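Please read the structure below before turning to the comments.
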Amino acid sequence: MTLLLIYIAVFALSFFVVRKLLRGAMQRRDFTSLKTVTFGDESAVRPDRWASVISVVTIFLLWGAFTGSHWVPIHAPGPFVGDTQFTYTLEAPDGARDDATVYARVFKVGEAVEEPEIEPGDGFAKNDAITVGAWRSELLLMDKNDEAKRSEGAKIVAIDGQPAGPGDTVKVADGEVAITSKGSLNFSPAKGMQMEPIWLPAPEAVVARVGEIASQGYQNFTLWEHLYWSLFRVIVGFFFGALVGIPLGYAMGLSDWFRGWFDPIVEFMRPVPPLALIPLVIIWAGIGESGKIILLFLAALWIMTISARAGVSGVAISKVHAAYSLGASKWQLMRHVIMPNSLPEIFTGARVAMGVCWGTVVAAELVAAEKGAGMMIMVASRFQLTDIVIMGIILIGIIGYGIDILMRKAEKWLVPWKGRV
Amino acid sequence: MSTLSIENISMRFDLPGGGHVQALKDVTLELQSGELLSVLGPSGCGKTTLLNILAGFLAPTEGRIMLDDHQVKGPDAERGMVFQQGALFEWMSVRDNVSFGPRMAGRSKADYTDSVNHLLEVVGLKDFKDKAVYELSGGMQQRVALARCLANDPDVILMDEPLGALDALTREKMQGLVLKLWKETGKTIILITHSVEEALLLGERLLVMAPRPGRIHKEYRLPFADEGVGKDLREVKKNPEFGQKREEILSMIWDMEEEIMGRTEETA
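These protein sequences, in sequence, are chains A and B. Those letters in the first sequence? Residues 1 to 421, by UniProt numbering. Those letters in the second sequence? Residues 1 to 268, by UniProt numbering.
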């Protein structure tokens with residue numbers, strides 16, 4: 001909640017700062033900048049690159065600030081670490097009361113720690129010493145050293161002077177103390193607002209993991225091998241999907257019989273998410289390479305078929321007539337008119353198919369695989385290696401984004417007339 | 001030389017809900033080689049249907065089209081077509097668009113390069129031959145379409161409102177170009193248009209068609225096309241005879257339109 005409010009605050013604040021301070025210096029002098037009507041004119045809305053930069057930086061700053069990163073100067077309040085104390089009041093069966101102090105030493109998990117040295121104190125309730133890991137809690141059987149035991153009817157009636165009974169939770173100096181239903185104490189030091197590394201590791205831990213896994217590997221394969229295998233499956237699956245799908249789509253766009261024969265199949269298979277095919281593919285082909293590639297082939301096939309079919313039906317009839325009037329044969333029409341004319345549609349389909357394939361391969365590897373990006377993060381999550389999981393997600397995102405950029409570049413190069421006709 | 005004869009063409013479309021549309025009824029016409037015929041008529045008079053039949057995209061329900069001694073049965077390189085919107089191939093350069101016909105016929109590059117270059121020069125696109133067609137203006141695209149059609153050296157050129165989408169000034173220039181190409185190449189040209197002026201300017205023969213059923217209403221033989229070759233077409237328009245013919249045809253078409261309106265109102 002706090003995080004969301006901070007995020008919104010940064011969003012609003014940077015908006016005003018950039019608008020007020022930088023607008024004058026950044027003024028673009030092109031035609032669009034002269035438009036007075038921009039609200040509602042989609043073509044006049046261009047992404048503000050300052051906003052993009054600040055947006056990405058903000059995410060990293062918040063990530064660092066809430067994980068106690070060394071890379072970020074400001075931090076959200078961390079968990080309490082150090083010595084603290086609280087008192088409890090024990091009531092003996094005869095009604096007599098005595099206070100005792102609990103000295104707690106909160107340490108960072110993973111570091112060596114010694115119990116604080118204490119005086120037992122006077123009265124029948126004796127002082128106690130405990131150690132607690134930050135973000136953890138510790139059960140304290142406080143009456144072990146007391147002269148009045150719970151088994152004899154003694155019970156706690158107050159913490160730090162505040163009356164409390166079993167089931168109650170009392171705030172103390174650096175955390176809170178709960179009284180369990182059986183009457184013992186459970187001390188949880190203040191957690192602060194930072195995330196524990198097991199939930200979200202600091203950015204430097206993730207980067208360190210990249211280096212480590214890139215050189216030493218994880219689960220018998222290096223990072224690059226995991227990513228390579230995922231990419232390899234996507235490319236091979238997509239390639240065969242396109243190899244079969246595009247001619248099939250052309251055939252469906254050009255022949256009544258093909259259209260009629262494959263329409264029900266394509267229309268039925270299209271809405272089936274490829275993920276739903278994973279169990280069947282595992283039954284048929286196992287969890288090896290062939291299973292993955294069959295799955296990705298099926299994921300790409302229908303998309304490519306439909307886009308090729310749409311590409312054929314998108315040919316203006318006047319172009320077909322023109323080609324025939326110029327003496328083209330059916331094959332020449334196919335080669336010189338229909339195929340190039342359908343390229344824009346096929347590229348759109350290919351971009352979608354690549355995205356779907358990349359998502360499907362990761363999901364398929366999550367289910368079962370010997371290697372691959374999805375398998376890497378799945379296994380890491382079983383061992384609570386959150387830094388590997390985060391690293392894997394970031395790399396999967398980067399590769400997916402990279403694939404899309406490459407496809408768009410290829411499209412611009414091969415289909416320069418798209419959107420200009 | 002080639003004679004194009006249209007013999008008793010009728011065209012009937014059956015409607016899905018029963019009934020039918022008589023798009024053309026008993027159209028008969030003979031065109032000698034090198035004649036320039038413009039076809040005019042209110043919408044729904046079947047002029048585009050007639051052109052599609054001539055091109056071979058549609059088969060008539062009755063009658064036949066003969067080009068010299070053989071019957072037209074489908075599209076062929078002997079009958080070139082120019083469309084309202086260029087119907088150019090965006091993935092090819094201007095030059096590749098123009099040389100499309102010769103290339104499809106399997107002619108060698110050395111064989112067609114000269115004629116393609118010559119045609120590009122005639123239509124004034126010599127400096128644009130390596131450009132992509134989507135970089136050209138509408139008028140230039142129509143010039144490419146004309147050159148592409150001529151590169152194939154067809155016997156008959158069919159034009160379906162080739163200048164309809166152009167602005168008035170470009171249109172005037174293009175009308176001059178069409179006349180020039182007609183005279184230089186001596187092709188038989190059939191040109192469909194909405195504009196009475198254009199039909200008068202470009203038609204050596206002018207056919208006015210009437211709708212429902214589509215049929216030939218009246219035919220004119222005009223001197224203006226010959227007069228206009230190589231001249232400023234505005235001068236031709238100043239000819240009093242031109243103005244008189246224009247008024248005559250305009251009122252003829254107005255009457256037809258009104259008759260249609262009246263008939264529709266009666267049925268409504």
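Don't be surprised by glycine CBs; every beta carbon is placed ideally from N, CA and C. None of the values given here were measured: they were computed from a predicted structure.
Under the 10 Å beta carbon count, Ile283(A) is surrounded by fewer than 16 other beta carbons and is classified as exposed. Between the alpha carbons of Glu90(B) and Arg351(A) lies a distance of about 22 angstroms. Within chain A, the residues whose beta carbon sits less than 9 angstroms from that of Arg148(B) are Ala322, Leu326, listed in sequence order.
Following the DSSP letters along the chain, one finds Leu54(B) inside the alpha helix (DSSP H) bounded by residues 47 to 55. In this structure Gly101(B) touches Asn152(B) by the C-beta definition: roughly 3 angstroms separates them, less than 8 angstroms.
Using a Cβ-Cβ cut-off of 9 angstroms, Ala350(A) does not count as an interface residue toward chain B, since no Cβ of chain B sits closer than that to its own.
In the pairwise beta carbon analysis, the region 31 to 42 of chain A is classified as not touching the region 154 to 170 of chain A: fewer than three pairs are separated by under 8 angstroms.
In this structure, Glu7(B) is the residue among Gly230(B), Glu7(B), Ile53(B), Pro16(B) with its C-alpha nearest to the C-alpha of Thr28(B). Look at the region 57 to 77 of chain B: the residues with a C-beta under 8 angstroms from a C-beta of chain A are Phe57, Gly74, Pro75, Asp76, Ala77.
Each residue's CA atom was taken as its position, placing Leu119(B) and Lys109(B) some 15 angstroms apart. Closest in C-alpha terms to Lys231(B), from the list Gln175(B), Ile249(B), Phe242(B), Asn97(B), comes Gln175(B). Collapsing the DSSP output to three states places His70(A) in coil. Assigned with DSSP and collapsed to three states, Leu206(B) falls in strand. Distance from Leu40(B) to Val144(B) at the Cβ level is roughly 26 angstroms; contact not present, criterion being Cβ atoms closer than 8 angstroms. Boundaries of the beta strand (DSSP E) harbouring Pro189(A): 185 to 189, taken from the DSSP string.
Identification of chain B residues near Ala316(A) by a Cβ-Cβ cut-off of 7 angstroms yields Ala87, ordered along the chain.
With the rule of 3 Cβ pairs closer than 8 angstroms, the region 186 to 204 of chain B counts as touching the region 32 to 39 of chain B.
The Cβ atoms of Arg246(B) and Asp26(B) do not sit closer than 9 angstroms to each other.
In terms of Cβ geometry, Ala276(A) and Gly237(A) do not form a close pair [threshold 9 angstroms].
Between the C-alpha atoms of Asn52(B) and Glu62(B) there is a straight-line separation of about 15 angstroms. Following the DSSP letters along the chain, one finds Tyr103(A) inside the beta strand (DSSP E) bounded by residues 97 to 107.
Under the three-pair Cβ rule at 8 angstroms, the region 253 to 272 of chain A does not count as touching the region 347 to 365 of chain A. Straight across, the Cα-Cα distance linking Pro75(B) with Leu58(B) is about 9 angstroms. Contact check for Val281(A) and Leu295(A): beta-carbon distance about 5 angstroms, within the 8 angstroms limit, so the pair qualifies. Residues of chain A with a Cβ closer than 9 angstroms to the Cβ of Asn152(B) are, in chain order, Ser325, Leu326, Gly327. When the Cα atoms are used, Lys183(B) and Val244(A) turn out to be separated by approximately 52 angstroms. The straight-line gap separating the alpha-carbon atoms of Pro247(A) and Ala87(B) is approximately 25 angstroms. Look at Ala105(B): its C-beta is under 9 angstroms from a C-beta on chain A. His226(A) is classed as buried because its beta carbon has at least 16 other beta carbons within 10 Å across all chains shown. Sequence-distant partners of Glu30(B) (beyond 5 residues in either direction) whose C-beta falls short of 7 angstroms from its own C-beta, in its chain, are Thr3, Ser5. Here Ser115(B) carries a helix assignment [DSSP, helix/strand/coil]. Taken through DSSP and simplified to helix, strand or coil, Pro279(A) comes out as helix. Contacts between Pro340(A) and chain B, judged by CB atoms closer than 9 angstroms, involve Phe89, Glu90, Trp91, Met92 in chain order.
The secondary-structure analysis by DSSP pairs Lys238(B) with nothing; it has no beta-bridge partner. Nearest neighbour of Gly106(B) by Cα position, chosen from Arg408(A), Glu370(A), Ser329(A), turns out to be Ser329(A).
Arg215(B) carries a strand assignment under DSSP once its states are collapsed to helix, strand and coil.
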